[in-house]
Amino acid sequence: MTAKQETRKKDAQEDVETLFSALKTTKTGLTQQEAKARLDKNGANTITHGQQQSQLKAFLSNFISLMAILLWVSGLIAMLSGTVELGIAIWLVNIINGCFSFWQEHQAQKATNSLMAMLPTYTQVYRDGKVVQVNATDLVVGDVFELQAGNAVPVDARLLSATSMQVDQSALTGESVPESKTATYNPGEGEFAESNLIYAGTTVGAGTGTAVTLATGMQTEFGQIAALTQQQAKHSSPLEQELNRLTKQISIIAIGIGVAFFIAAIFFVRYPVAKSFIFALGMIVAFIPEGLLPTVTLSLAQGVQRMAKKHALVKELDSVETLGETTVICSDKTGTLTQNQMTVNHVWLRHQVYTVSGHGYVNNGHVLLNDQTVNYEDDPDLKRLMLVAGLNNDTKVQTDPDTHQPKLLGTPTEAALVIMAEKAGFDVETIAAKTPRLKELPFDSVRKRMSTIHQHDANTLSICVKGSLSDMLPQCTTIQVDGETRPITQADLDAINKANETYAAQGLRSLAIAYREIPAEADVNKQVAGLTIDNAETDLSFIGLTVMADPPRPEIYDAVQKCHDAQIKIIMVTGDSALTAKSIAVKIGLTSDKARVVTGTELEAMGEDELKTALAGEIIFARVAPEQKYKIVSTCQKMGEIVASTGDGVNDAPALKKADIGVAMGVTGTDVAKDAADMILTDDNFASIVAAIEEGRTVYSNLQKFLLYIFNSNVPEAIPSVLFLFSRGLIPLPLTVMQILTVDLGTDMLPALGLGAEKAEPGIMQQPPRPRNAHLLNKRVVWTAFAWYGLIASIVSTLAYFFVNMEAGWLNQPLAASGGLYARATTMTLAAIVFCQIAAALNCRTQVTSVFKFGLFSNHRVWAGIVFEVILLAFLVYTPGVQSLFNTAPLQLRDWGFLCVIPIPIFLIEELRKFGVRRVKGIR
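If you use the numbering used here, the sequence shown closes out at 930, no skipped numbers anywhere.
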């Protein structure tokens, strides 16, 4: 037993007066003066979030990535070499991108903070012997306070009194079934199971009570787990690692080519050193994708916006791409795979079995027999069951005025019974008013049942009982069948137990309903006061079983199938029973019925190698505490998996932080879970995770399209320099450094950004996750860019250069090295590259799908970029002041005719190649 567990046990078992003495308080609480002194000394009852990075640091961090540093250095070199305009342009790209990245992440953080912000909560506290309303943040150790159904528990506390109290501890334990709480100590089973202790971050589902505060703020169990989570170091995302790797690759390529051309220019062409340096700088600039950072940022930002529309709030841009790499999802069951709305679907009576349609906490169904709606009045046994289920109930289901969603004041199980009665047409409130409750024998975890005593009529008292079948059946001596009560037989017991076992095997939960009627005595109050658990819950008459389940979300089936198609493994990790977990997993197609179920106890005893072996196959984890999820996540990561993990409770936070993508629930999640997560689901829906993964894959695919697009222009930018070198200067430089920059930072930029916003290509979720050793700049990208698109563009742009010179009589005279003809020839080379890039922008939109089928005009950003680059080209060609800066000259009408033809054959040739690839791969 840990020190924390020993402390809890001591607090739970301590005599109340001794505990008061230790806490220096009384049963009437503290004085206002003492409470203020303790608040000043120990601080407010709040959970402090992890220290957030200052706005200045967050802003500056967007300017120090490896790619950003490369651009800073490139700009500086350009300035030192005399091309100040070039240097300023490169720096401006860096500055604009950094500001845009900061703004996007700032917006995401604002949305997260808004989601986590809560209205002040108040608590009824004893101060100076009187009950006063106090902000929960002002509670101190020793405060005595009151609780009732619907209240959030603000501190760790010891119960002094409790009536029918049930507490939802799922935020701590992951267990969806509420815990029964009493003022009497019972150790219970598992962590946080002490019957007389309540914990901060949990919620009172039913009943009332008073308690004395043991711990506040960061000293609570909730706070201590939050502190551990905040100590975990943040790890760099796969995209950060990949961009750093890509930057190093590009730097080596660009610098290597620059040095080679610098040496060749000096020793082969006999160029002056200064001119050779500028020439080499042009080569380096040509091979550095200055638009990479803006495109990455825009792709991620647009992914974030699209995901927000699909109920997934991403806190950091890089997380979008990491989602696309996900290979394993560790998912909760309740509320994520299921609706978290307990629903009665069968009513079992000895002579009949009814089905109940509809689901959730709304009256959207009927009680059916052979698919026909029945009237409960026609079956006395059904009527009696509805009466008992309605009267023995402390829960109300209301409609939230803001969200228009059902809101429970009580427990999910009782809410399911209320809705079942409403579906049968049974008016619970009217009947309850006519049959007043006289006494309640509250539920406890020992006998596992609850009884209420009612004035049935002037001469009769009704004892209504509901609870666990195994604990209630021994108390039943009779059974009601067809409106008649008779002794219960062995055949009856066998039939009841068989029905219960059948439902349990399907993962359904059965609740037994029974009653007893006794004659009312003259002094009813005295008679009721004398009724106890021992003498009231005996000689019961069994009525039937209400069978319920938390139904799967309707969209979960398609979402799970998408994951299977995408070869993403889903591991259910739940606090519920093994039977329920496996039943749901099989029902929604998560696993086959051969899947192994590992309980929390078994998991605790497992070594790492044994767990790895288990994780390699179909597996479900049941009765698992949230903190054990950390072990599952970290073991998967050691197996080389990219793990997304869901959670809503405070104990889920370490696993959320550890996972590559932590996914918190926005509706039911605690602040600590949201703080630790990378993504928050605003609808708590598993299908939203799958949609986010699809967006992540799309972002990665778009980044590769961008790389392919910008690198294919590098070849025609470099070839003119190669011709210049190998002709030893006989062929004048067909493209100047500033013209290269025009392509990289001008004409290429907007179409490239348009590619970053491309929609998903068909079949993206039918592919396996990319391997961890896969890279953005792979062989396919390099060969397609350099040896296919780049080669074509090089040939076309070179022909364009010679086309102008040939018109001027090149064959009979040397190529022009200066003057108007030279300017027009270099302008034609530049223009030819731009028009080749028009075709490339369209071609890069898909890998194998025909652009015609994909939607030729569906990406408006790409077309806007194409229009922009033509306008920009015309501006550079015809604006007098700009012509001298970029060495351009006006083009003639026949030049434009030549240029306009270029994109058509290039586009059609690529469509033909894609058609061939589809035929070979058997893709339609």
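All C-beta atoms, glycine included, are put in the ideal place defined by N, C-alpha and C. All values derive from a computational prediction rather than experimental measurement.
### Task
Report yes if the C-beta distance between Leu-252 and Leu-782 is below 8 Å; otherwise report no.
As a working mapping, residue 252 is identified with position 246 in the sequence shown. As a working mapping, residue 782 is identified with position 776 in the sequence shown. A contact, by the Cβ cut-off of 8 Å.
### Query
Got a sec? Which residues, its chain only, sit under 7 Å from Arg-778 by beta carbon, not counting five neighbours each side?
The residue given as residue 778 occupies position 772 in the sequence shown. Contacts found: Gly-646.
### Message
Which residues does DSSP list as the beta-bridge partners of His-460?
### Response
The residue labelled residue 460 in the question sits at position 454 within the sequence shown. In the DSSP output, where bridge partners are listed per residue, His-460 has Arg-443 and Ser-468.
### Query
Under a three-way DSSP split, which group does Met-645 fall into?
The sequence position of residue 645 within the sequence shown is 639, counting from 1. If DSSP states are grouped into helix, strand and coil, Met-645 belongs with coil.
### Query
In angstroms, rounded to a whole number, what distance separates the CA positions of Tyr-367 and Gly-473?
Within the sequence shown, the letter at position 361 stands for residue 367. Within the sequence shown, the letter at position 467 stands for residue 473. Between the alpha carbons of Tyr-367 and Gly-473 lies a distance of about 21 Å.
### Query
From Val-787 to Gln-710, what does the alpha carbon distance come to, in whole angstroms?
Within the sequence shown, residue 787 is the residue found at index 781, counting from 1. Within the sequence shown, residue 710 is the residue found at index 704, counting from 1. One Cα belongs to Val-787, the other to Gln-710, and the distance between them is close to 7 Å.
### Message
One question on the structure: do Ile-699 and Thr-332 come within less than 8 Å of each other, judged by their Cβ atoms?
### Response
On the sequence shown, position 693 is the one that residue 699 refers to. On the sequence shown, position 326 is the one that residue 332 refers to. For the pair Ile-699 and Thr-332, the CB atoms are nearer than the 8 Å cut-off.
### Query
In terms of alpha-carbon separation, which member of Leu-905, Arg-703 and Ala-314 lies closest to Ile-686?
For the purposes of this step, residue 686 is taken as residue 680 along the sequence shown, with counting starting at 1. That would be Ala-314, whose Cα lies nearest to the Cα of Ile-686.
### Message
Per DSSP, what are the beta-bridge partners of Tyr-509 in this structure?
### Response
Counted from its first residue, the sequence shown places residue 509 at position 503. Under DSSP, Tyr-509 takes part in no beta bridge, so it has no partner.
### Whole beta strand (DSSP E) elements within the segment 656 to 731, 3-residue minimum
For the segment 656 to 731, whole beta strand (DSSP E) runs of length 3 or above, ordered along the chain, are 667 to 671 and 685 to 687.
### Task
Excluding the 5 residues preceding and the 5 following Gly-215 in the sequence, name in chain order all residues of the same chain whose CB lies nearer than 6 Å to its CB.
Position 209 of the sequence shown holds residue 215. Non-local beta-carbon contacts of Gly-215 in its own chain, meaning distances under 6 Å to residues more than five positions away in sequence, involve Leu-153, Leu-165, Ser-167, Ala-168 and Met-171 in chain order.
### Query
Any idea if Val-772 is buried or exposed, counting beta-carbon neighbours within 10 angstroms, 16 or more meaning buried?
In the sequence shown, residue 772 corresponds to position 766, counting from 1. The sequence shown places Gln at residue 772, not Val. That one is exposed.
### Query
Going by C-alpha distance, which of Val-424, His-410 and Thr-409 is nearest Gly-416?
To locate residue 416, count along the sequence shown from 1; it is residue 410. In this structure, Val-424 is the residue among Val-424, His-410 and Thr-409 with its C-alpha nearest to the C-alpha of Gly-416.
### Message
So for Leu-862, helix, strand or coil by DSSP?
### Response
The residue labelled residue 862 in the question sits at position 856 within the sequence shown. The three-state secondary structure of Leu-862, taken from DSSP, is coil.
### Message
Quick check: what's the CA-CA separation for Ala-520 versus Lys-600?
### Response
The residue labelled residue 520 in the question sits at position 514 within the sequence shown. The residue labelled residue 600 in the question sits at position 594 within the sequence shown. Here the alpha carbons of Lys-600 and Ala-520 stand approximately 37 Å from one another.
### Task
Determine the closest residue to Pro-448 out of Met-456, Phe-273 and Lys-413, with distance taken between C-alpha atoms.
For the purposes of this step, residue 448 is taken as the residue at position 442 of the sequence shown. Checked all of Met-456, Phe-273 and Lys-413; the closest Cα to Pro-448 is Met-456.
### Query
Can you round the beta-carbon distance between Ala-806 and Ala-845 to whole angstroms, since I take them to be within the 8 Å contact cut?
Indexing the sequence shown from 1 puts residue 806 at position 800. Indexing the sequence shown from 1 puts residue 845 at position 839. Not quite, the Cβ-Cβ distance comes to about 14 Å (not below 8 Å), so this is no contact.
#### Entry: Rounded straight-line distance, which links the Cα of Val-173 to that of Tyr-132
Within the sequence shown, residue 132 is the residue found at index 126, counting from 1. Within the sequence shown, residue 173 is the residue found at index 167, counting from 1. Near 22 Å, if we compare the C-alpha coordinates of Val-173 and Tyr-132.
### Query
By Cβ distance below 6 Å, which residues in the same chain neighbour Ala-895 in space, the five residues on each side in sequence not counted?
Along the sequence shown, one-based indexing puts residue 895 at 889. Within the same chain, and ignoring the five residues on either side of Ala-895 in sequence, the residues whose Cβ sits closer than 6 Å to its Cβ are Gly-826, Ala-829, Arg-830 and Thr-833.
### Query
With contact counted as at least three CB pairs below 8 Å, one residue from each stretch, are the segment 575 to 585 and the segment 489 to 505 in contact?
In short, these stretches do not touch, since the Cβ pair count stays below three.
### Query
Tyr-828 lies in the alpha helix (DSSP H); which residues open and close that run?
Your numbering for residue 828 matches position 822 in the sequence shown. Tyr-828 -> alpha helix (DSSP H) spans 825 to 849.
#### Entry: Distance cut-off 7 Å: Thr-804 Cβ against heavy atoms of the ligand GTP
Annotation note on the ligand GTP: not contained in the displayed structure, which lists no ligands.
### Query
By a C-beta neighbour count over all protein chains shown, 10 Å radius and 16 as the cutoff for buried, is Cys-932 buried or exposed?
Any question about residue 932 goes unanswered here, given that the chain covers just 7 to 930.
### Message
I believe Ala-670 touches Gly-653 by the beta-carbon criterion, under 8 Å. Please report the beta-carbon distance rounded to the nearest angstrom.
### Response
Position 664 of the sequence shown, counting from 1, holds the residue named residue 670. Position 647 of the sequence shown, counting from 1, holds the residue named residue 653. Right, the Cβ-Cβ distance comes to about 6 Å (below 8 Å), so this counts as a contact.
#### Entry: Cβ-Cβ distance between Ile-459 and Ala-542 below 8 Å
Numbered from its first residue, the sequence shown carries residue 459 at position 453. Numbered from its first residue, the sequence shown carries residue 542 at position 536. When the beta-carbon positions are compared, Ile-459 and Ala-542 come within less than 8 Å of each other.
### Query
With Thr-37 and Asp-144 assumed to form a contact (beta carbons below 8 Å), what rounded beta-carbon distance in angstroms separates them?
Along the sequence shown, read from residue 1 onward, the residue named residue 37 stands at position 31. Along the sequence shown, read from residue 1 onward, the residue named residue 144 stands at position 138. With 8 Å as the limit, Thr-37 and Asp-144 do not qualify as a contact, their Cβ atoms being about 14 Å apart.
### Message
Is it the case that the segment 326 to 341 contacts the segment 656 to 667, given that we only count it when at least three CB pairs across the two stretches are under 8 Å?
### Response
Short answer: they touch.
### Query
By how many angstroms is the C-alpha of Asn-399 removed from the C-alpha of Glu-435?
Against the sequence shown, residue 435 aligns to sequence position 429. Against the sequence shown, residue 399 aligns to sequence position 393. It is roughly 11 Å from the alpha-carbon of Glu-435 to the alpha-carbon of Asn-399.
### Query
How many Å lie between Glu-813 and Leu-891 at the Cα?
Taking the sequence shown and counting its residues from 1, one reaches residue 813 at position 807. Taking the sequence shown and counting its residues from 1, one reaches residue 891 at position 885. So the two alpha carbons sit approximately 25 Å from each other.
### Message
Short of 8 Å in beta carbon distance, which residues of its chain neighbour Lys-644, apart from the five on each side in sequence? Order them along the chain.
### Response
By 1-based counting over the sequence shown, the position of residue 644 is 638. Cβ neighbours of Lys-644 beyond the five flanking positions: Glu-614 and Lys-618.
### Task
In the DSSP assignment, find the beta strand (DSSP E) that holds Ala-217 and state where it starts and stops.
In the sequence shown, residue 217 corresponds to position 211, counting from 1. 209 to 221 is the span of the beta strand (DSSP E), which, as asked, contains Ala-217.
### Query
Are there 16 or more other CB atoms within 10 angstroms of the CB of Gln-347, so buried, or fewer, so exposed?
Here residue 347 refers to the residue found at position 341 of the sequence shown. Buried is the label assigned to Gln-347, since at least 16 other Cβ atoms lie within 10 Å of its Cβ.
### Message
Could you check whether Arg-629 and Ala-584 sit closer than 8 Å to each other, using their CB atoms as the reference points?
### Response
To locate residue 584, count along the sequence shown from 1; it is residue 578. To locate residue 629, count along the sequence shown from 1; it is residue 623. Yes, these two residues count as a Cβ contact at 8 Å.
### Query
Do the segment 218 to 236 and the segment 247 to 264 touch if we need at least three Cβ pairs shorter than 8 Å?
Segments in contact, no.
#### Entry: Same chain, Cβ closer than 8 Å to Tyr-636, five either side skipped, listed in chain order
As a first step, residue 636 must be located in the sequence shown, where it is residue number 630. Residues Pro-660, Ala-661 and Lys-664 of the same chain have their beta carbon placed closer than 8 Å to that of Tyr-636, with the five preceding and five following residues left out of the count.
### Task
If I'm right that Thr-742 touches Leu-882 with Cβ under 8 Å, what's the distance once you round it to whole angstroms?
The residue you call residue 742 lines up with position 736 of the sequence shown. The residue you call residue 882 lines up with position 876 of the sequence shown. Taking the Cβ atoms as the reference, Thr-742 lies roughly 12 Å from Leu-882, outside the contact range of under 8 Å.
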